[in-house]
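Student: Chains as they are written, first to last, in the working numbering: chain E, 1 to 113; chain D, 114 to 226. We treat Cβ as the ideally placed atom computed from N, Cα and C, and that holds for glycine. All figures in this text were calculated on a predicted structure; none of them were measured in a lab.
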Amino acid sequence: DSGVTQTPKHLITATGQRVTLRCSPRSGDLSVYWYQQSLDQGLQFLIQYYNGEERAKGNILERFSAQQFPDLHSELNLSSLELGDSALYFCASSVGQVPYEQYFGPGTRLTVT
Amino acid sequence: AQSVSQHNHHVILSEAASLELGCNYSYGGTVNLFWYVQYPGQHLQLLLKYFSGDPLVKGIKGFEAEFIKSKFSFNLRKPSVQWSDTAEYFCAGPPGNNNDMRFGAGTRLTVKP
Chain E
1 DSGVTQTPKH LITATGQRVT LRCSPRSGDL SVYWYQQSLD QGLQFLIQYY NGEERAKGNI
61 LERFSAQQFP DLHSELNLSS LELGDSALYF CASSVGQVPY EQYFGPGTRL TVT
Chain D
114 AQSVSQHNHH VILSEAASLE LGCNYSYGGT VNLFWYVQYP GQHLQLLLKY FSGDPLVKGI
174 KGFEAEFIKS KFSFNLRKPS VQWSDTAEYF CAGPPGNNND MRFGAGTRLT VKP
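1) Who are residue 196 of chain D's beta bridge partners in DSSP?
2) So with CB distances below 9 Å, who are the chain E contacts of residue 145 of chain D?
3) From the DSSP output, in three-state form, read off residue 183 of chain D for me.
4) For a contact defined as C-beta to C-beta under 7 Å, what are the partners of residue 105 of chain E on chain D?
5) Is residue 157 of chain D near residue 149 of chain D, with beta carbons less than 8 Å apart?
6) Could you name the residues that DSSP lists as bridge partners for residue 39 of chain E?
7) Could you please give the first and the last residue of the uninterrupted beta strand (DSSP E) stretch that includes residue 90 of chain E?
8) DSSP state of residue 116 of chain E, grouped into three classes?
9) Is there a Cβ from chain D that is less than 8 Å from the Cβ of residue 87 of chain E?
10) Please report whether the beta-carbon of residue 2 of chain E lies at a distance below 8 Å from any beta-carbon of chain D.
11) Using only alpha-carbon positions, find the residue among E:73, E:43 and E:94 that is nearest to residue 22 of chain E.
12) From the DSSP output, which residues share a beta bridge with residue 147 of chain D?
13) For residue 26 of chain E versus residue 93 of chain E, is the C-beta spacing smaller than 8 Å?
14) Closer than 7 Å by C-beta to residue 101 of chain E: which residues in its own chain qualify, once you throw out the five before and the five after it? Chain order, please.
15) From residue 190 of chain D to residue 184 of chain D, what does the alpha carbon distance come to, in whole angstroms?
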C-alpha cells in the first residue's frame, strides 16, 4: 500500500459524458501527478500540482482539467469523453516539487462505451 | 525529442537466469533516472533511482542499475530472477529541470518456474 488513494476504482460511462476522478496523496506529500496508461500510448504524464498550484503540464488534452484543493486532494476532470479516453488513470504523489520519488495510487480504470 | 526508451518489449526467462533490461535516455543536462515495477493488477512501485554520484545504484528486491553517461543508458539488472519478478518494468526520467516525467514503453518480464 503506497498511501495514495484513488476513487473510484472502475468507471464506465458513455461517449460525450463528463467524469471526475479523485486522488488523495500520501500524508505529507504536497505534489500530485496524474498519468494516463493505455495500451497504445503507454504511460503518459498529464499534469502536476504542487501545494494547490499547477507545476508542470504534459500531454493533457484541452478536454481534461485538474485541480488540487487546500486539503491537497486532487481531482481530474475528463469531459466530452471519447472511446479513446478509455484507459487506466494513475495518480502519484511526492513530497516536493520535483518528482524524485513518486508513490503511485492503484488507479482508476475508465471505460468509455 | 527528449525521451526515455526501452529496447525490450517482452522478455521471457527461466528462474535463476540473469536479467538485463535496457533503457536509454535522449536528453542532456541534469539526469535523474528511475526504474519502476508494476506487478500484475498492482500500482507502480519505485525499484531504484539515480540522481548523481555512484553510477551503480542498488534498489529493492536485489535489483541494480548502472548509469553509463557515455552510452546514455541506465540498464536494470538482477543476477538471478524469481517467478515473483514477473511484472512490467518501466524506466523513467524527467528531462532536465522539467517535471514532465517521461516513461519508457515498458518491458514485460515473464519468469517461468
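Tutor: Taking the structure as given:
1) DSSP output for residue 196 of chain D lists no bridge partner at all.
2) Chain E residues near residue 145 of chain D: 98, 99 and 100.
3) Residue 183 of chain D falls in the helix class under three-state DSSP.
4) Simply 156.
5) In contact: residue 157 of chain D and residue 149 of chain D (Cβ atoms closer than 8 Å).
6) Residue pairing from DSSP leaves residue 39 of chain E without any beta-bridge partner.
7) Note, residue 90 of chain E: beta strand (DSSP E), 87 to 94.
8) An answer regarding residue 116 of chain E cannot be provided, because it is not within the stretch 1 to 113 covered by chain E.
9) By this cut-off, residue 87 of chain E is not an interface position.
10) Using a Cβ-Cβ cut-off of 8 Å, residue 2 of chain E counts as an interface residue toward chain D, since at least one Cβ of chain D sits closer than that to its own.
11) Answer by Cα proximity: E:73.
12) For residue 147 of chain D, which the question treats as bridged, DSSP gives the partners D:162 and D:205.
13) Contact: yes.
14) Same-chain partners within the cutoff: 94.
15) Their backbone Cα atoms lie some 16 Å apart in a straight line.
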